[in-house]
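Position in the sequence shown counted from 1, then plus 127, gives you my numbering. Data block below; observations after.
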Amino acid sequence: MICLGIESTAHTFGCGIIDDKGRIYANVTDAYKTEKGGIHPSEAKLHHENIKDNVVEEALNSANLKLENIDLVSFSQGPGLAPCLLVGMRKAKELSKKINIPLLVKDYFENNKREVIRRIYFKQLIAESRPMIQRMMDATMITAEDLKIVINARA
Numbered sequence: 128m129i130c131l132g133i134e135s136t137a138h139t140f141g142c143g144i145i146d147d148k149g150r151i152y153a154n155v156t157d158a159y160k161t162e163k164g165g166i167h168p169s170e171a172k173l174h175h176e177n178i179k180d181n182v183v184e185e186a187l188n189s190a191n192l193k194l195e196n197i198d199l200v201s202f203s204q205g206p207g208l209a210p211c212l213l214v215g216m217r218k219a220k221e222l223s224k225k226i227n228i229p230l231l232v233k234d235y236f237e238n239n240k241r242e243v244i245r246r247i248y249f250k251q252l253i254a255e256s257r258p259m260i261q262r263m264m265d266a267t268m269i270t271a272e273d274l275k276i277v278i279n280a281r282a
């Protein structure tokens, strides 16, 4: 199963592609930058609107995949800047509807809490013999557990 994930919580719009084995196919980002000061939410939203299609297309090209090869789309629902989050959500919904595949919503805080627990519990195992698990945990907010839930739901 191959998942395309979209992250747009603040200044960066990103698209990652990973499979249920933890293989990373692509991780493409584009960041909004200001000349002076912090993030301007409405300007960051415009940035994301302008680059979202290119970032997704670049991720698919980098992975040598077509949208039709994707089995699941996910996006981060927050926390973050509402205007930026909406861009990511709308793009994820668009892709999901376009090829009629499931949409998985990810919560940044919940995911980080699970990540801390997972890292503590598996620290010894990872250090000794499971570099693939470490790569998967370090590289993505979507876990193999999440993908298995979706696989079981579709069966």
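We treat Cβ as the ideally placed atom computed from N, Cα and C, and that holds for glycine. Here the structure is a predicted model, which means the values were calculated and not measured.
Query, Result
"Residue nearest to E134 in terms of C-alpha spacing, selected from E185, V214, L192, K225", "V214"
"Residue-level contact to chain D via CB, A186, 7 Å cutoff", "Checking the listed chains, one finds no chain D in this structure; it contains a single protein chain."
"Spatially closest choice to I145 from G205, N191, A171, K172, by CA coordinates", "N191"
"Residues bridged to T139 (per DSSP)", "A158"
"First through last residue of the alpha helix (DSSP H) which encompasses I178", "168-189"
"CB contact flag (I226, E195, <7 Å)", "yes"
"Inter-residue spacing [alpha-carbon to alpha-carbon] between I166 and H175", "13 Å"
"Cβ-based neighbour list, V243, same chain, cut-off 8 Å, excluding 5 preceding and 5 following", "Residue placement at V243 is flagged as unreliable, the pLDDT there being 48, under the threshold of 50; a coordinate-derived value is accordingly withheld."
"Inter-residue Cα distance where the pair is P206 and P229", "22 Å"
"Per-residue burial, K218 [other beta carbons within 10 Å of its own, 16 or more giving buried]", "buried"
"Identified DSSP bridge partners for I144", "L131, A153"
"Buried versus exposed call for L131 [16 or more other C-beta atoms within 10 Å across all chains shown]", "buried"
"Under the three-state DSSP convention, the category L199 falls into", "strand"
"L230 - partner residues in DSSP beta bridges", "V200"
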